[in-house]
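Each residue of the sequence shown is one higher than the one before, starting from 18 at the first, in the numbering used here. Idealized CB from N, CA, C, for every residue including glycine.
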Amino acid sequence: MNAIPGLRVAPLCGLVTALLMAPDAAALSCAAPEFSAPGPGATAVPTNTLVWCGGQSWASDAVPLWLKDASGAEVAGTSHVLETTDYDVTVFVPDEPLSPNTTYSYGCMSEGREVAFTTGAGPSEEDPPALPDPSTHRARTTMISHWGDSVGVIFENVAPAGTLVVVDVNAGANLRAEDPSGAVAEILLLDDAGSVFVRNGPCGGAWPDAALGDTASIAFGAFDLTGRFSGWSEAVEVTLPETYTDPPEEGSPTVPPANDEQDPQRETSESAGGCQFALGSSAHAWWILSGVAALAARRSRRTSRSTEPSRTSSTR
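#1: Can you list, in chain order, the residues of its chain with a C-beta nearer than 6 Å to that of Gly199? Leave out the 5 residues immediately preceding and following it.
#2: Would you tell me roughly how many angstroms separate the C-alpha atoms of Leu257 and Gly238, rounded to the nearest one?
#3: Have a look at the DSSP bridge pairing and note the partners of His97.
#4: How about Trp83 and Val106: do their beta carbons lie closer than 8 Å?
#5: Three-state secondary structure (DSSP) at Glu173?
#6: As a quick exercise: from Val62, Arg157 and Arg130, pick the residue whose alpha carbon is nearest that of Glu51.
#7: Could you tell me if Pro197 is buried or exposed, where buried requires 16 or more neighbouring beta carbons within 10 angstroms of its beta carbon?
#8: So what's Arg157 in DSSP terms, helix, strand or just coil?
#9: Let me know the secondary structure DSSP gives Glu113 once reduced to three states.
#10: Does the distance from the C-beta atom of Asp263 to that of Arg157 stay below 8 Å?
#11: For Ala87 and Pro111, what's the separation of their Cα atoms in angstroms?
#12: Where His154 and Val183 are concerned, what is the direct C-alpha to C-alpha distance, given to the nearest angstrom?
#13: Per DSSP, what are the beta-bridge partners of Trp249 in this structure?
#14: Reducing DSSP to helix, strand and coil, say where Asp185 ends up.
#15: What is the DSSP secondary structure of Gly89, reduced to helix, strand or coil?
#16: Could you check what DSSP says for Gly137 in three-state terms: helix, strand or coil?
#17: Starting from Val62 and walking both ways along the beta strand (DSSP E), at which residues does that stretch end?
#18: For the beta strand (DSSP E) that Glu142 lies in, which residues bound it at each end?
#19: Under the DSSP definition of a beta bridge, which residues are partnered with Tyr123?
#20: Can Ser212 and Leu148 be called in contact, C-beta distance under 8 Å?
#21: Less than 6 Å between C-beta atoms, sequence neighbours within five positions excluded: which residues of the same chain meet that for Ala236?
#22: Taking buried to mean at least 16 other C-beta atoms within 10 Å of its own C-beta, is Pro55 buried or exposed?
#23: Inspect the beta-carbon positions of Glu203 and Ala223 and report whether they are closer than 8 Å.
#24: Bridge partners of Ala178, per DSSP?
#25: Which value, in whole angstroms, describes the spacing of the CA atoms of Pro114 and Ser167?
#26: For Asn118, count neighbouring Cβ atoms within 10 angstroms of its own Cβ and tell me buried if that reaches 16, exposed if not.
#27: For Asp209, count the other beta carbons within 10 Å of its own beta carbon; 16 or more makes it buried, fewer makes it exposed. Which is it?
#28: Verify whether the separation of the beta carbon atoms of Val215 and Gly169 is less than 8 Å.
#29: With distances taken Cα to Cα, identify the nearest neighbour of Gly58 among Tyr123, Gly89 and Phe134.
#30: Using the Cα positions of Asp144 and Asp241, report the straight-line distance between them to the nearest angstrom.
#31: Identify the continuous beta strand (DSSP E) that holds Leu192 and give its terminal residues.
#32: So, helix, strand or coil for Glu254, using DSSP?
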């Protein structure tokens, strides 16, 4: 079995086997973090806002995004694409500032409907957001029921709620903040908790090759609605523990030993860098394989597009 770029073969095989054998009640649901900004019903939105739409579905590409005024006329502008490890984000930049105190609507696939917001009295002329703070963090490594490892680092109180945060892993970001466009490991609209989980799990993640004992350099940046960029924070080096920090979820299989030699079954399944499993005649199996292949192809495509790593600190 040939290796799929961007994914470790043995965990992939285990995931597919589990998917084929697990009951429907335990089915794995992989969905990218959905967000749209300005959010539905937002008011006092700066007239120089951009429109952000991301996380349509697992391994998805960016979708066309339109913006209309109260009369239904489309607003002229340019759409840019910000790639992440597992999905794309569309950023719409209007050619001119929006009209004050006016209701606009836009089509965002992550919401599955039109999203309406109302502008305020004028543009935002505030300074760019403050640099995110990556100083408070802890490792979280566990086994998700039926699906395999979920390993990574939780960064707490990174930035205030409502901030658009971008993640860089191992200086791989190639961000053009003035558009915004390019590539980052992940972009998130922070909730009230203000936390970011940089991980590798059954459904992907910003740190796609992470495993127990691995080390990475992680940095954060922040955008406001208008596209002003904070610049990149200082990178923090994090190392995952060699063992699990959290117990398996209820219903999970027993945690495998850290030493592969103590687990003949695991050694057999990973021998020769491949795996064996029976697909049978289930159409569901082919749907699963298609989804996994889409994610692998997407990561491979992003890697092939990458240029020399560069972290921009420009502002609008």
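The answer reads as follows:
#1: On the sequence shown, residue 199 is found 182 positions in, with the first residue counted as 1. Cβ within range, chain order: Asn191, Leu192 and Arg193.
#2: To locate residue 257, count along the sequence shown from 1; it is residue 240. To locate residue 238, count along the sequence shown from 1; it is residue 221. When rounded, the distance between both Cα atoms is 22 Å.
#3: Taking the first residue of the sequence shown as position 1, residue 97 is located at position 80. DSSP output for His97 lists Val108 as bridge partner(s).
#4: The residue you call residue 83 lines up with position 66 of the sequence shown. The residue you call residue 106 lines up with position 89 of the sequence shown. The answer is no: Cβ separation not under 8 Å.
#5: The sequence position of residue 173 within the sequence shown is 156, counting from 1. Coil at Glu173, not helix or strand.
#6: To locate residue 51, count along the sequence shown from 1; it is residue 34. It is Arg130.
#7: On the sequence shown, position 180 is the one that residue 197 refers to. Buried: at least 16 other Cβ atoms inside 10 Å.
#8: Walking along the sequence shown from the start, residue 157 turns up at place 140. Three-state result, Arg157: strand.
#9: In the sequence shown, the residue the question calls residue 113 occupies position 96. Glu113 falls in the coil class under three-state DSSP.
#10: If you number the sequence shown from 1, residue 263 lands on position 246. If you number the sequence shown from 1, residue 157 lands on position 140. Yes, these two residues count as a Cβ contact at 8 Å.
#11: As a working mapping, residue 87 is identified with position 70 in the sequence shown. As a working mapping, residue 111 is identified with position 94 in the sequence shown. Straight-line Cα distance between these residues: approximately 15 Å.
#12: In the sequence shown, counting from the first residue as 1, residue 154 sits at position 137. In the sequence shown, counting from the first residue as 1, residue 183 sits at position 166. Taking the straight line joining both Cα atoms gives about 16 Å.
#13: The residue you call residue 249 lines up with position 232 of the sequence shown. Trp249 is bridged to Gly238.
#14: Counting from 1 along the sequence shown, the entry for residue 185 is found at position 168. Residue state, collapsed to three classes: strand.
#15: In the sequence shown, the residue the question calls residue 89 occupies position 72. Three-state result, Gly89: coil.
#16: For the purposes of this step, residue 137 is taken as residue 120 along the sequence shown, with counting starting at 1. Assignment of Gly137 by DSSP, reduced to helix, strand and coil, places it in the coil class.
#17: Within the sequence shown, the letter at position 45 stands for residue 62. Premise fails: Val62 is in no beta strand (DSSP E) and is neither H nor E.
#18: If you number the sequence shown from 1, residue 142 lands on position 125. Where Glu142 is concerned, there is no enclosing beta strand (DSSP E), given that its DSSP letter is neither H nor E.
#19: In the sequence shown, counting from the first residue as 1, residue 123 sits at position 106. Bridge partners of Tyr123: Leu84 and Val132.
#20: Here residue 212 refers to the residue found at position 195 when the sequence shown is read from its first residue. Here residue 148 refers to the residue found at position 131 when the sequence shown is read from its first residue. No.
#21: What you label residue 236 is simply residue 219 of the sequence shown in a count that begins at 1. Around Ala236: Asp185, Trp249, Ser250 and Ala252.
#22: Your numbering for residue 55 matches position 38 in the sequence shown. For Pro55, the number of other beta carbons within 10 angstroms of its own is at least 16, and it is reported as buried.
#23: The residue given as residue 203 occupies position 186 in the sequence shown. The residue given as residue 223 occupies position 206 in the sequence shown. Result yes, Cβ atoms of Glu203 and Ala223 sit closer than 8 Å.
#24: Counting from one through the sequence shown, the residue named residue 178 turns up at place 161. Paired residues: none, contrary to the question.
#25: For the purposes of this step, residue 114 is identified with residue 97 of the sequence shown, where counting begins at 1. For the purposes of this step, residue 167 is identified with residue 150 of the sequence shown, where counting begins at 1. In a straight line, the C-alpha of Pro114 is about 43 Å away from that of Ser167.
#26: Translated into the one-based positions of the sequence shown, residue 118 becomes position 101. Exposed: under 16 other Cβ atoms inside 10 Å.
#27: Position 192 of the sequence shown, counting from 1, holds the residue named residue 209. Exposed, since its Cβ has fewer than 16 Cβ neighbours within 10 Å.
#28: Looking up residue 215 in the sequence shown gives position 198. Looking up residue 169 in the sequence shown gives position 152. Going by C-beta atoms, Val215 is nearer than 8 Å to Gly169.
#29: Position 41 of the sequence shown, counted from the start, is the residue given in the question as residue 58. Nearest Cα to Gly58 within the set Tyr123, Gly89 and Phe134: Phe134.
#30: Numbered from its first residue, the sequence shown carries residue 144 at position 127. Numbered from its first residue, the sequence shown carries residue 241 at position 224. Using only the alpha carbons, I get a separation of about 10 Å.
#31: Here residue 192 refers to the residue found at position 175 when the sequence shown is read from its first residue. Taken as a continuous stretch (DSSP letters only), the beta strand (DSSP E) holding Leu192 covers Asn191 to Arg193.
#32: Counting from one through the sequence shown, the residue named residue 254 turns up at place 237. Strand.
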